[in-house]
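Notes follow the structure.
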Amino acid sequence: SQTIHQWPATLVQPVGSPLSLECTVEGTSNPNLYWYRQAAGRGLQLLFYSVGIGQISSEVPQNLSASRPQDRQFILSSKKLLLSDSGFYLCAWSVQGSTEAFFGQGTRLTVV
Amino acid sequence: GQNIDQPTEMTATEGAIVQINCTYQTSGFNGLFWYQQHAGEAPTFLSYNVLDGLEEKGRFSSFLSRSKGYSYLLLKELQMKDSASYLCAVTPPGSARQLTFGSGTQLTVLP
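Taken in order, these protein sequences are the chains called A and B. For our numbering, add 64 to where a residue sits in the first sequence, where the first one is 1. For our numbering, add 35 to where a residue sits in the second sequence, where the first one is 1.
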């Protein structure tokens with residue numbers, strides 16, 4: 065069966081510090097991968113999606129970046145965090161050609 | 036682009052029936068999802084509609100009208116554990132099939 069792992073679960077970082085959130089998927093190959101952010105009381109905002117290794121599409125301009133160094137690994141990064149980067153970050157995957165997304169457990173990031 | 040509207044909050048009583056509406060305006064449409072999200076947790080899949088009509092799955096049903104850009108999620112025999120945020124999401128045509136989510140409806144079930 066397929067599983068998705070996302071870590072860490074919670075993170076408190078100072079403004080200006082770097083960020084690296086990692087997500088891996090097991091039990092499938094060549095998945096679509098997604099990073100979403102959910103601000104408090106808000107809906108899910110798509111940040112990045114990837115249809116293959118090294119292929120990253122950005123949905124909104126921001127100081128975040130994403131990379132896909134391996135087929136089932138998706139990394140969300142920032143060189144310098146802003147207060148506005150605080151939120152609940154969710155990694156998700158879907159089968160190529162399918163529409164249902166399966167979510168990781170999320171990372172609650174607080175920038176202080 | 037995509038625009039999805041759903042009520043921010045709803046309250047209902049245990050054992051009752053509640054209907055959560057979702058309207059959307061999209062430049063293309065390839066299906067509508069409903070997800071349930073408990074506080075601090077990841078969303079979990081509830082239903083998927085791509086054709087008009089009602090899809091029933093246990094206590095939960097979802098309805099879609101593509102001509103009206105309208106969907107609803109119907110929850111029957113409400114239980115306290117149904118208190119959660121319910122997210123409507125649409126998927127546009129495209130190879131990546133990424134979902135666009137509404138802001139969610141926070142449902143509170145009262146005893």
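Glycine included, every Cβ here is placed at the ideal spot set by N, Cα and C. If you're wondering where the values come from, they're calculated on a predicted model, not measured in any experiment.
According to DSSP, what are the bridge partners of E164 (chain A)?
The beta-bridge partner set that DSSP reports for E164 (chain A) is empty.
Less than 6 Å between C-beta atoms, sequence neighbours within five positions excluded: which residues of the same chain meet that for V89 (chain A)?
Only I68, P95, R136 and W157 meet the Cβ criterion.
Supposed close pair N84 (chain B), E90 (chain B) - CB separation, criterion 8 Å
Rounded to whole angstroms, the Cβ separation of N84 (chain B) and E90 (chain B) is 6 Å, and the two are in contact under 8 Å.
Could you confirm whether any beta carbon from chain B is found closer than 7 Å to the beta carbon of Y153 (chain A)?
No - not a single Cβ of chain B is within 7 Å of the one on Y153 (chain A).
In the DSSP assignment, the beta strand (DSSP E) including G116 (chain A) goes from what residue to what residue?
Per DSSP, the continuous beta strand (DSSP E) segment holding G116 (chain A) begins and ends at L108 to G116.
List the DSSP bridge partners of H69 (chain A).
Residue pairing by DSSP places H69 (chain A) opposite A:T88 in a beta bridge.
What span of residues does the beta strand (DSSP E) with E91 (chain B) cover, start to end?
It spans G88 to K92 - the beta strand (DSSP E) in which E91 (chain B) sits, taken as one unbroken run.
Between E86 (chain A) and chain B, is any beta-carbon pair separated by less than 7 Å?
Chain B contact via Cβ: absent.
Using DSSP with H/G/I as helix, E/B as strand and the rest coil, what is D40 (chain B)?
Strand, per DSSP.
Please decide whether F180 (chain A) counts as near chain B, where near means a Cβ-Cβ distance under 7 Å.
Summary: the structure shown does not reach residue 180 (chain A), with chain A confined to residues 65 through 176, and so no result is reported for it.
Which residue marks the beginning of the beta strand (DSSP E) containing P133 (chain A), and which one marks its end?
For P133 (chain A), the enclosing beta strand (DSSP E) covers residues L128 to Q134.
Strictly under 7 Å for the Cβ-Cβ distance: is G116 (chain A) near chain B by that measure?
By this cut-off, G116 (chain A) is not an interface position.
So, at 7 Å on beta carbons, what are the nonlocal neighbours of G151 (chain A) in its own chain, with the 5 sequence-adjacent residues on each side left out?
Only R101, Q102, A103 and L173 meet the Cβ criterion.
Any C-beta of chain B under 7 Å from that of R132 (chain A):
Against chain B, the CB of R132 (chain A) has no partner CB under 7 Å away; the residue lies outside that interface.
Under 8 Å, CB to CB, which of the residues in the region 137-151 of chain A have a partner in chain B?
Using a CB distance below 8 Å, no part of the region 137-151 of chain A faces chain B.
Given a threshold of 16 other Cβ atoms within 10 Å of its Cβ, counted over all protein chains shown, does I139 (chain A) qualify as buried or as exposed?
Flag for I139 (chain A) reads buried.
Three-way DSSP call (helix, strand, coil) for L113 (chain B) in this model
In the three-state DSSP reduction, L113 (chain B) falls in the coil class, being neither helix nor strand.
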